[in-house]
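Numbering (the numbering used here), first residue to last: -2 to 84.
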């Protein structure tokens, strides 16, 4: 079970992935550095071409699955998100 400390991080990651994926046309591409809008102190997420992601200082892996799903694996959780790509 996730600790209370990690739950806000998961929501932030989910929102970042959703916003990032919706920005792409055709195949979702999220490679690059992303930050939630509205806050210059927000955590930076860096998605690499090789499937790695760095969420602040927390390393992880991401992969796209069937039916617009993305899986994020970090030291504190593995979560699959349903995303909608538009554009």
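Glycine included, C-beta positions come from ideal geometry on N, C-alpha and C.
Asked, Found
"Own chain residues within Cβ distance below 6 Å of residue 50, not counting five before or after", "44, 57, 59"
"For residue 37 and residue 77, the rounded distance between their alpha carbons", "27 Å"
"Helix, strand or coil at residue 52 [DSSP, three-state]", "strand"
"Residue 73 in three-state terms, based on DSSP", "coil"
"For residue 67, three-class secondary structure by DSSP", "strand"
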